[in-house]
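Engineer: My questions will all concern the structure given below.
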Amino acid sequence: AQSVTQLDSQVPVFEEAPVELRCNYSSSVSVYLFWYVQYPNQGLQLLLKYLSGSTLVESINGFEAEFNKSQTSFHLRKPSVHISDTAEYFCAVSYNFNKFYFGSGTKLNVKP
Amino acid sequence: DTAVSQTPKYLVTQMGNDKSIKCEQNLGHDTMYWYKQDSKKFLKIMFSYNNKELIINETVPNRFSPKSPDKAHLNLHINSLELGDSAVYFCASSQRSSPLHFGNGTRLTVT
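Keeping their order, the protein sequence lines are chains A and B. If you count the first sequence from 1, position 36 lands on 36 in my numbering, and the numbers rise without skipping. If you count the second sequence from 1, position 67 lands on 1067 in my numbering, and the numbers rise without skipping.
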């Protein structure tokens, strides 16, 4: 069985500070990994994904995530956050693209 | 040119009523899903259809019945609505080797 754990339900941070949102997964097989962002009253949007190849993946708005197989982690980072990054962030895994398992979400609150 | 669209966006109804939520995707994807997001933002898969065939049916009360008239549409019908059904319901679609694309959600409030 697969599961996804996001250890932090809320992460408050000041603007321009770095941030890391943690994600750990458990799976007995190889998985594909994703981060989604949900802005208020909207659906989830794909932020970035790891399918294979380089373990460091980047998004167009400055976020990056690193797949660490030995630690079964896929933490999301940004070196300098902006007020507009305030949102809920979800980590997800899938091993066959038929079923996707989501973490419980981390609310990123960027303060001025 | 919305990729995954759901209607209605908001749905307020009384206990015991029957309601439907519609979903359409224009991405040409083969697989469509219904997810339920509760008040704590937890996302739980309910159903998945691939080319109109039900492939995932999680532990969901049989008051919930999905229908897929074609691979671009997946509707959700809910009978005898209960207070606990209040949530945001998301439709999503995907294609082999592609991530999920979500609609903007339907906020269902049962009073």
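Ideal placement from N, C-alpha and C gives every residue a C-beta, glycine not left out.
If you draw a straight line from the alpha carbon of S94 of chain A to that of E1053 of chain B, how long is it in whole angstroms?
Structural biologist: Position 94 of the first sequence, counting from 1, holds the residue named residue 94 of chain A. Position 53 of the second sequence, counting from 1, holds the residue named residue 1053 of chain B. If you take the alpha carbons of S94 of chain A and E1053 of chain B, they lie about 20 Å apart.
Engineer: Between N1104 of chain B and chain A, is any beta-carbon pair separated by less than 8 Å?
Structural biologist: Sequence index remark: in the second sequence, residue 1104 of chain B carries index 104 (1-based). N1104 of chain B counts as touching chain A.
Engineer: Which one of B:V1060, B:H1029, B:G1016 has the shortest CA to CA distance from Q1095 of chain B?
Structural biologist: Taking the second sequence and counting its residues from 1, the one referred to as residue 1095 of chain B is at position 95. The shortest Cα separation from Q1095 of chain B among B:V1060, B:H1029, B:G1016 belongs to B:H1029.
Engineer: CA-CA distance, Y36 of chain A and F102 of chain A?
Structural biologist: Residue mapping note: residue 36 of chain A aligns to position 36 of the first sequence, counting from 1. Residue mapping note: residue 102 of chain A aligns to position 102 of the first sequence, counting from 1. Approximately 9 Å between the Cα atoms of the pair.
Engineer: So within the segment 32-96 of chain A, which uninterrupted beta strand (DSSP E) runs reach at least 3 residues, ignoring any that extend past its ends?
Structural biologist: The segment 32-96 of chain A contains these whole beta strand (DSSP E) runs: 32-38, 44-50, 56-58, 64-68, 73-78, 87-94.
Engineer: Within the same chain, show all residues whose beta-carbon is closer than 8 Å to that of T72 of chain A, passing over the 5 residues directly before and after it, in chain order.
Structural biologist: Position 72 of the first sequence, counted from the start, is the residue given in the question as residue 72 of chain A. N24, Y25, S26, S27, listed in sequence order.
Engineer: Going straight from the alpha carbon of A17 of chain A to that of I83 of chain A, what length do you get?
Structural biologist: In the first sequence, the residue the question calls residue 17 of chain A occupies position 17. In the first sequence, the residue the question calls residue 83 of chain A occupies position 83. Straight-line Cα distance between these residues: approximately 11 Å.
Engineer: I think D85 of chain A touches L108 of chain A, with their Cβ atoms under 8 Å apart; what is that distance to the nearest whole Å?
Structural biologist: In the first sequence, the residue the question calls residue 85 of chain A occupies position 85. In the first sequence, the residue the question calls residue 108 of chain A occupies position 108. Right, the Cβ-Cβ distance comes to about 6 Å (below 8 Å), so this counts as a contact.
Engineer: Output needed for G1063 of chain B: all residues of its chain with C-beta closer than 7 Å, excluding positions within five of it in sequence on either side, in chain order.
Structural biologist: Taking the second sequence and counting its residues from 1, the one referred to as residue 1063 of chain B is at position 63. First, the amino acid is wrong: residue 1063 of chain B is Arg here, not Gly. Same-chain partners within the cutoff: I1078, N1079, S1080.
Engineer: Smallest Cα separation from P1061 of chain B: which of B:P1069, B:K1067, B:M1046, B:L1074?
Structural biologist: Against the second sequence, residue 1061 of chain B aligns to sequence position 61. Out of B:P1069, B:K1067, B:M1046, B:L1074, B:M1046 has the C-alpha closest to the C-alpha of P1061 of chain B.
Engineer: What residue from B:T1106, B:N1057, B:D1085, B:K1036 has the CA that sits closest to T1016 of chain B's CA?
Structural biologist: Residue numbering aside, residue 1016 of chain B sits at position 16 when the second sequence is read from its first letter. For clarity, residue 1016 of chain B is Gly in the given sequence; the question names Thr instead. Ranking the options by Cα distance to G1016 of chain B, first place goes to B:D1085.
Engineer: Which same chain residues, not among the five before or five after Q1006 of chain B, have their C-beta less than 6 Å away from its C-beta?
Structural biologist: Position 6 of the second sequence, counted from the first residue, corresponds to residue 1006 of chain B. Hits under 6 Å: C1023, C1091, G1103, T1106.
Engineer: Have a look at B:Q1025, B:T1031, B:D1038 and flag the residue whose alpha-carbon is nearest the alpha-carbon of L1108 of chain B.
Structural biologist: Within the second sequence, numbered from 1, the residue matching residue 1108 of chain B stands at position 108. The option with the nearest alpha carbon to L1108 of chain B is B:D1038.
Engineer: The beta strand (DSSP E) spanning H1077 of chain B covers which residue range?
Structural biologist: As a first step, residue 1077 of chain B must be located in the second sequence, where it is residue number 77. Per DSSP, H1077 of chain B belongs to the beta strand (DSSP E) from 1073-1078.
Engineer: Is it true that the CB of K1071 of chain B sits closer than 8 Å to the CB of N1051 of chain B?
Structural biologist: Walking along the second sequence from the start, residue 1051 of chain B turns up at place 51. Walking along the second sequence from the start, residue 1071 of chain B turns up at place 71. Yes, Cβ-Cβ distance for N1051 of chain B and K1071 of chain B is below 8 Å.
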